[in-house]
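Down below is the structure, laid out as structure tokens.
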Amino acid sequence: MQTRVISLLVEDNPGVLTRMSGMFTMRGINISSLTVSPCEKEGLSRMTVAIKGSESELEKVRKQLSNLIEVLKVVDLKESDSIIRDLCLMKVHTRNTDARTEVMQLADSYGARIVHASLDSVILELTDEPERIDRFVELMRHFGLKQLFRTGITAIGLE
Amino acid sequence: MTVKISGAEIVVEELKHEGVEVAFGIPGGALLDLYEVLYNEEAIKHILMRHEQCAAHAADGYARVSGRTGVCIATSGPGATNLVTGLTTANMDSSPIVALTGQVPTSAIGTNAFQEASTFTITMPITKHNFLVTRTEDLPRVIHNAFYIASTGRKGVVLIDLPKDVQAKRVDVDLHPKETFPGYKPNIIPNKVQTKRTAEALVNAERPVILAGGGVISSGASEELRALAEKLGAGVVTTLMGKGAIPETHPLCLGMAGMHGHIYANRALNECDVLLALGTRFSDRLTGWQLDQFAPDATIIHVDVDAAEINKNITVDIPIVGDVKLAISDILRWLDKERIRAGTVWLQRIKEMHSACEDCIRDVWRAGSSTSDILIKELSNILDGNAIVTTEVGQCQMFAAHYYMTREPRTFITSGGLGTMGFGFPAAIGAKVAAPDRKVVDIAGDGSFLMTCQDLATCVENDIPVVVCIFDNRYLGMVRQWQELFFDKRYSHTHLGITPDFVKLGEAFGCYAERVEKPEDLKSALNNAFESGKPAVLDMIVGKEDKVLPMIPPGGGITGMIGTERCRRV
């Protein structure tokens, strides 16, 4: 099933998140990623929700989300005409000098930053499209991934 | 106008400003401030109920009969949780209600305080919208918007949770604000291109059928519906919620369609070439489960005020989002310039199908009829067109839906979506309060009635003379019917035993009560009940194994009805 991304402009009130997520719960749809943050207008928040589901399922949820009083706008973001980003922080084992050098080279080629280093591990930060992060994470698994944190995606339409 | 008043006073002032004349409720610890203000309030009549579920159903019945927003009040914790069934019932059937609940003080919220429940969270999925008010200053805006949201677009339930300290605090506020919420803009005006396309489809239709749902009634579009049907020569079938949208005595009306509908209403849906569906959500109880039998050859046009209903259960050819009354008016305007083509053959068939059903209902004492059939047909013949019938849920409801000929909108009040047993009687209380000059009859089953019968006390204390007609078979009849037909007569836990004596029960509350042993006695018993001027309980003894037929068996389609042997073939 394809991942689909919806962007919501909502009022910044207690309970809005529950109300919104309830629409997915009701239909038994799992939210695979969710970000909530302030936006350009005071008193409003933007939510970016990623789900795996069919087009018809998404269509029904989208209409019901639009019905929520505190939801001002629902936008369906297509991969082709939007910029989608995910931020990832990870702690990778670097037991010896070779490993450390290799991790640093790979990080460099992916555009990941080393934000902290200790004798046996480094903390890397990478902001990119989710698929590229997936690939980088797979590479880092070879060295031993101690911890992995991802923010979930945020997205903006081109138009 | 800025004045310093308490939260509870703001609530009452704003309720009055919204035109509220009656509220159904029960006080409690978290509502002492609100009830203190209601004590001296003459503009709002408060009716003390005996269970919060009944308060919600009564507000619902009031709303469905009057077309105005009903108001119910319950305290925190158990008061609020008891409301839940009633609010869900109303919201499922798009009935406008504003519910006020008490809540523990804001400082105690989340501490498992005495009589605390998270009403805000619990009622989120069963309301159109809800509020937890944490600042007294917000009350005017919240209450104004609660009524606006409940009564516009697709109508529904709005709940306002009122912590005790929010009610007590005195503040300076401007009353009667007008501002609304930016995210709430109901789609009322239908798209002109779509109504024109609809008119074109209808002009070219040979076998047009109109399916009228509850939206026709809630938008007040009965006259427009009738004008459109007559102009087109279209058959009209209704959903359960649409009963009364057009008089069922009208020669173009084929009655209710669906699982327990009229065989010819279902046939018409199957045979039509253009189907205009108005204010309906195509529930499974209407369509059956074989969707290839549902209007298979028809161009389907769907008008609904809720965009989320379009293409939800049935894929349609022409969607129209907007108010049903406005949409029909637009279609009629387009048709004004057109010559109508609907065939006389089809018109003739509609009229024959109508007569087959109406003759059956008029023929009360027809050979082979069950006592239940006879009683409900008698009721249909005895009661005036403007009498209000409410129903419980189960066999009694489907007998009523099938055989009771509804003649005016807002006179057939039933729990369609949720199917709530115990709804009919408290809804009748609300109905009688909304229309005190009209006869109000609850068509009840013995199982359903026992779920909310304690509110006979409310009727007697407040002089609300509704008549409860109990189909007494000492079974949970509809489940028993399914066990008989589909589970090899294994009547698992559907027999209710012999208690109570409903006549003595009614008398214990101070009601008029009478047992109707034979259907022949119904007329005089009803007369006695109305003459008494008191709330009344009529215990009508019916056949233990009476069945509601015909029906679509589980998994079947609308042409696969069973039990049609006695239907006249046309």
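Quick mapping for you: the protein sequence lines, in order, are chains A and B.
Numbering (the numbering used here) for the first sequence: 279 to 437.
Numbering (the numbering used here) for the second sequence: 468 to 1037.
Backbone N, C-alpha and C define an ideal beta-carbon position, used for all residues, glycine too.
Remember, it's a predicted structure, so these values are computed and weren't measured experimentally.
Counted within 10 angstroms of its Cβ, other Cβ atoms place residue i as buried (16 or more) or exposed
i: V565/B; result: buried
i: I910/B; result: buried
i: H524/B; result: buried
i: I434/A; result: exposed
i: G577/B; result: exposed
i: F598/B; result: buried
i: H394/A; result: exposed
i: L397/A; result: exposed
i: A724/B; result: buried
i: I361/A; result: exposed
i: N733/B; result: buried
Beta carbon of residue i nearer than 8 Å to that of residue j
i: M1018/B; j: I730/B; result: no
i: G755/B; j: G1023/B; result: yes
i: L923/B; j: C863/B; result: no
i: I511/B; j: L505/B; result: yes
i: H518/B; j: N558/B; result: no
i: I855/B; j: A668/B; result: no
i: M865/B; j: M888/B; result: no
i: L742/B; j: E845/B; result: no
i: H371/A; j: F421/A; result: yes
i: V934/B; j: L842/B; result: no
i: A666/B; j: I798/B; result: yes
i: K622/B; j: S685/B; result: yes
i: A744/B; j: L802/B; result: no
i: E335/A; j: R305/A; result: yes
i: L721/B; j: H821/B; result: yes
i: A617/B; j: V624/B; result: yes
Other residues of its chain near residue i: CB distance less than 7 Å, five sequence neighbours each side excluded
i: M708/B; result: D560, G680, G681 and G883
i: V927/B; result: F976, G977, C978 and P1002
i: V352/A; result: I284, L286, R340, L343 and S344
For residue i, the first and last residue of its enclosing alpha helix (DSSP H)
i: M723/B; result: First-last for M723/B: C720 to M723, but that is the beta strand (DSSP E), not the alpha helix (DSSP H).
i: M304/A; result: V294 to M304
i: A975/B; result: F969 to A975
i: S585/B; result: Run containing S585/B: none; DSSP gives neither H nor E here.
i: M945/B; result: G944 to F953
i: P545/B; result: P545 to M559
i: V504/B; result: L499 to Y506
i: Y871/B; result: That residue, Y871/B, is in no alpha helix (DSSP H); it is neither H nor E in DSSP.
i: D386/A; result: T375 to Y388
Contacts around residue i, its chain only, beta-carbon distance under 6 Å, and the 5 residues preceding and following it disregarded
i: E367/A; result: Here residue 367/A is Leu; the residue named in the question, Glu, does not match the sequence. Once the five neighbours on either side are set aside, the close Cβ partners of L367/A are E403 and F427.
i: P653/B; result: T619 and G620
i: I1034/B; result: The question names Ile, yet the displayed sequence has Cys at residue 1034/B. Excluding positions up to five away in sequence, the list reads I730.
i: S562/B; result: D527, A530 and R531
Reference residue i, options the options, closest by Cα
i: P893/B; options: I540/B, H484/B and D527/B; result: D527/B
i: E697/B; options: P675/B, T588/B, I684/B and K1011/B; result: P675/B
i: L952/B; options: K1001/B, E1012/B, E485/B and S837/B; result: E1012/B
i: R297/A; options: F581/B, C521/B and T590/B; result: T590/B
i: R982/B; options: F879/B, P763/B, F938/B and L695/B; result: F938/B
i: Q280/A; options: A328/A, E289/A and T375/A; result: A328/A
i: G1010/B; options: S991/B, P986/B, L745/B and E1032/B; result: P986/B
i: Y871/B; options: V908/B, V1037/B and A794/B; result: V908/B
i: D290/A; options: A395/A, S315/A, E409/A and E416/A; result: S315/A
i: L346/A; options: F302/A, F414/A, F421/A and I431/A; result: F302/A
i: D740/B; options: K595/B, G702/B, G495/B and K659/B; result: G702/B
i: I593/B; options: C827/B, V551/B, V934/B and N853/B; result: V551/B
i: Q757/B; options: N780/B, Y615/B, N612/B and L972/B; result: N780/B
i: N612/B; options: V633/B, G623/B and F648/B; result: F648/B
i: I431/A; options: T405/A, L423/A and K424/A; result: T405/A
i: E998/B; options: A980/B, I1008/B and A530/B; result: A980/B
i: Y615/B; options: H484/B, N671/B and C824/B; result: H484/B
i: T747/B; options: E738/B, V772/B and C920/B; result: V772/B
i: D930/B; options: F954/B, I896/B and S750/B; result: I896/B
Element boundaries [beta strand (DSSP E), containing residue i]
i: Q425/A; result: L423 to R428
i: M368/A; result: S360 to H371
i: F938/B; result: V934 to D939
i: T858/B; result: I855 to T858
i: S686/B; result: Element bounds for S686/B: n/a, residue is neither H nor E.
i: Y651/B; result: Segment: none, Y651/B is in no beta strand (DSSP E) and carries neither H nor E.
i: S323/A; result: L322 to K330
Close beta carbons around residue i, own chain, < 8 Å, minus the five adjacent residues each side
i: R941/B; result: D913, H962, L963, G964, I965 and K1011
i: L365/A; result: E403, L404, T405, R428 and T429
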